[in-house]
Amino acid sequence: MAEKTERLENGNVHTLSLLVENKPAVLQRIASLFARRGYNIESLAVGPTERPEYSRMTVVVRLTQKPVEQAVRQLQKLIPVMEVRELSPHDKLERELVLIKIKTPEKNHAELRAIAETYQAQIVDVSPDALMIEATGTASKLDALEERLAVFGITELCRSGRIALERGFKTLAPPHLKD
Amino acid sequence: MAKERMTGAQAVIRALELEGVDWLFGMPGGTILPIYDALFSSKKLKHVLIRHEQVGGHAAEGFAHATGRVGVCMATSGPGSTNLVTPLADAYMDSVPLVAITANVPTALIGTDAFQEADITGITMPITKHNYLVTDVNDIPRVMKEAFHIARTGRPGPVHIDIPKDVLNMALDFEYPEEVHIPGYMPKPKEEPRLAEAALLVRSSVRPVVYLGGGVRAGNAFAEIFEFCELVGAPVVTTLHGKGAFPETHPNCLGMFGMHGSRYANYTVQGSDLIVALGARFDDRVTGKLSAFAPEAKIVHLDVDPAELSKLVTATVPLVGDLKELLPRFTAATKKEFEERGRPHIEAWWERVRGWQEKHPLTINQAGEKYILPQTAVRRIWEKCEGRAIVTTGVGEHQMWAAQFWKVSAPRQFITSGGLGTMGFCLPAAIGIQLGRPDAMVVGIDGDGSFQMTLQDLATAVDQKLPIKIFILNNRFLGMVRQWQELFYERRFSETPLSDIPDFVKLAEAYKCLGLIARTMEELDGVIDRALAHREGPCIVDIRVKRQEKVYPMVPAGAPLNDMIGGN
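Those sequence lines, one after another, are chains A and B.
Start counting the first sequence at 3; every next residue gets the next number (the working numbering).
Start counting the second sequence at 3; every next residue gets the next number (the working numbering).
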């Protein structure tokens, strides 16, 4: 999971957006399909959508040989999957969220605040010998932030899966709701 | 329809009746008791008590395969349900429409490691077309309706429904839905099928071959296939499951190709410039080494499952659709193409194909042999049935000999486990076939290893008075594995001799069946005659065949399709 972006850039990596029924075991169905067909999940994020009966999944998948259409078609066969699409690399907005805890004496806090500001990140928790930074952005931006903070000693880090939408008016509507 | 108050278990039974189910296969147990209690009052359903749930699953498969209807099986929670795993996986691989119903422990006990609890929906998820864990009794009618719909439509397959015992005991107001509404199921293809382009490829080809798979049976498109093949006039090859899709007695039919196909069928595929694949999935057992498969061929691939197109072999023209609906349109487009531009000249191609047929026939070299050759046994049984029986098999060498020498002239007459390759399939399938087709002669060609995997259900066959005839081609080996050991493992016969085989005649008699044995060529015909004439219940025939006989020709695993060993 959550490979570094340098590797994401140079592989057969695809971002799939799925609209799925918000029902028990749907995540299991999808994860199990990826596992048994040999598709490597690099990142996965699930959350509610504008309609309570559906969830949206953003799956970043690394494919070794098979064309991505094969994965899309296999996913489409799952009954709780309403719609699947590969998001075009040029036409998508992607975001990740990271929380970073740094154990460091108070004298360093000012410098950390400056770094956070550069990355439009926020300090969300402060104690005398530790602080926590929250940042959102593209994977490469968060990678850069992590690298910058590494010298201070990252003691704990939690990064979300990637979420993504296509720019413009295009949507991923379930088939029966399309006009 | 007025709503009727009943329990969840009664709703299951009512739904089965409304789906027109007559036969179902199962065994009761603790958690499924409510369903069996409701079944006790049903006047329409006929339940076959099997002796092992796996057999119930395969019997339902045999029934479905032979009749084209949905097969139904039931099992209790825990081991009952896990015993259904093999038939579900088998039905999934072979696209057999099945509805499997299991009960689970009461909702409050789920997740507590209760007695006879298994996460069976978690287990069957990757081996079913869809599955359900019903937690609300009011969902039962909808789920039953959806299950049958999903099982039989599109690419057919098994659907599994798991219902906790307490849900079966709750009450609901039963109303069976008239329609199904499953928004995520079988979305319409976004593009129009490129029929004109496909037809032009057929018109332009001078070395065409038509490749038929199990999809013809699954799509029930036998007449449509016949019309297309007659129009094109190309050589027709089939997979194991394609046997019967087009009459093997037709001069254009070259029979099965692949790992144990004939040389002439494989050479034809390899030499072709166009493969029209209809309801097939380019399985590794038919393509051989993928990168060397039919190097000069363009591919028109028609299948109902879009995920099969360009999965292994890239289609020049992929056509997504139901064979029964789309193939006639393809045929019409091809006809139009022929009328406008004239028929393609494939006479020279046929000459080459006939040359291969003459040079490399599939033959049986019984002359001078002391022992019965298994191929001879298959051929003699086939001749004596005059090709009219429905044949089923286990898995192994006997299955391949049956595939090579049992010529199928009509649909749904060759029923076997192809994709999963499940030993023990023969007897259970024969039970289901005979119940589904009571007037048909049902013949099993089995192996001694395969037969011993499910033989306890002879009791079921006797109970139901089924006149099935199981011919065991007995070589006292796990023969196919032994063949690979001889050819590829320096004759190191690790754990393949079955020297302590039971006395199958006595075994048959212990189960109150007719048991017969043929040891020599002189005995063979008489024994087959007696078996075929026996109508009062099952008959088991032990045919002692030459032990070391191998299935030839053969494409070694990983070799190109035309790189065959053995045979003529």
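Every residue, glycine too, gets a C-beta built ideally from N, C-alpha and C.
- By the C-beta density criterion, H162(B) is buried, having at least 16 other C-beta atoms within 10 angstroms.
- Counting along the chain, no alpha helix (DSSP H) covers D175(B); the unbroken beta strand (DSSP E) around it starts and ends at 173-176.
- For I142(B), the closest Cβ of chain A is not nearer than 8 Å.
- Around M29(B), no beta-carbon contact reaches into chain A at under 9 Å, the shortest distance being about 27 Å.
- For I32(A), no CB of chain B lies under 8 Å from its own CB, so it is not counted at the interface with that chain.
- Of all alpha-carbon atoms in C515(B), C255(B), P555(B), D324(B), the one lying nearest the alpha-carbon of V239(B) is that of C255(B).
- For D465(B), the enclosing alpha helix (DSSP H) covers residues 460-465.
- Counting only residues of its own chain and dropping the five nearest sequence neighbours on each side, L311(B) has a CB closer than 7 Å to the CB of H303, D305, A317, P320, V322.
- Within chain A, the C-beta atoms nearer than 8 Å to that of M127(B) come from A27, Q30, R31, S34, in chain order.
- Interface annotation, Q124(A): not in contact with chain B, CB-CB separation never under 8 Å.
- For F228(B) and P210(B), the gap between their C-alpha atoms comes out near 16 Å.
- Looking only at R115(A), A132(A), P50(A), the smallest Cα-Cα distance to R150(A) is reached by R115(A).
- CA-CA distance, R71(B) to L214(B), rounds to 21 Å.
- Sequence-ordered contacts of the stretch 83-116 of chain A with chain B read V83, M84, E85 [C-beta pairs closer than 9 Å].
- Note that the C-beta distance between K172(A) and D131(A) is not below 8 Å.
- For S45(A), the enclosing beta strand (DSSP E) stretches over residues 42-50.
- Sequence-ordered contacts of the stretch 279-312 of chain B with chain A read D307, P308, A309, E310, L311, S312 [C-beta pairs closer than 9 Å].
- Burial of F479(B) is indicated by the presence of at least 16 other C-beta atoms within 10 angstroms of its C-beta.
- Just measuring C-alpha positions, the residue of Y266(B), G186(B), A200(B), G235(B) sitting nearest G569(B) is Y266(B).
- At the C-beta level, T17(A) and T60(A) come within 8 Å of one another.
- Look at the stretch 172-203 of chain B: the residues with a C-beta under 7 Å from a C-beta of chain A are I184, P185, G186, Y187, P189.
- Within the same chain, Cβ atoms closer than 7 Å to the Cβ of V553(B) are found at H262, E399, M402, W403, Q485, the five residues on either side in sequence being excluded.
- In this structure, V218(B) sits near A247(B), with a CB-CB distance shorter than 8 Å.
- Looking at D285(B), F295(B), H252(B), P249(B), the one whose alpha-carbon comes closest to that of T270(B) is F295(B).
- Under the criterion of beta carbons closer than 8 Å, P179(B) and K147(B) qualify as touching, at roughly 5 Å.
- For L35(A) and G273(B), the gap between their C-alpha atoms comes out near 37 Å.
- When C-beta atoms of the stretch 486-496 of chain B are compared with those of the stretch 437-457 of chain B, fewer than three pairs fall below 8 Å, so the two segments do not count as touching.
- Residue pairing by DSSP places A166(A) opposite E96(A) in a beta bridge.
- C75(B) and G32(B) do not touch by the CB rule: their CB atoms are close to 18 Å apart, not below 8 Å.
- Within the same chain, Cβ atoms closer than 8 Å to the Cβ of D92(B) are found at G59, H60, E63, V98, S419, G421, L422, T424, F427, the five residues on either side in sequence being excluded.
- Nearest C-alpha to A282(B) among A510(B), K313(B), V445(B): K313(B).
- Using a Cβ-Cβ cut-off of 8 Å, H132(B) counts as an interface residue toward chain A, since at least one Cβ of chain A sits closer than that to its own.
- The three-state secondary structure of W408(B), taken from DSSP, is coil.
- Residues of the stretch 32-57 of chain A whose Cβ lies closer than 8 Å to any Cβ of chain B, in chain order: S34, L35, R38.
- Counted as a single uninterrupted DSSP element, the stretch harbouring R382(B) is not any beta strand (DSSP E) but the alpha helix (DSSP H) occupying residues 376-386.
- Note that the C-beta distance between R164(A) and E96(A) is below 8 Å.
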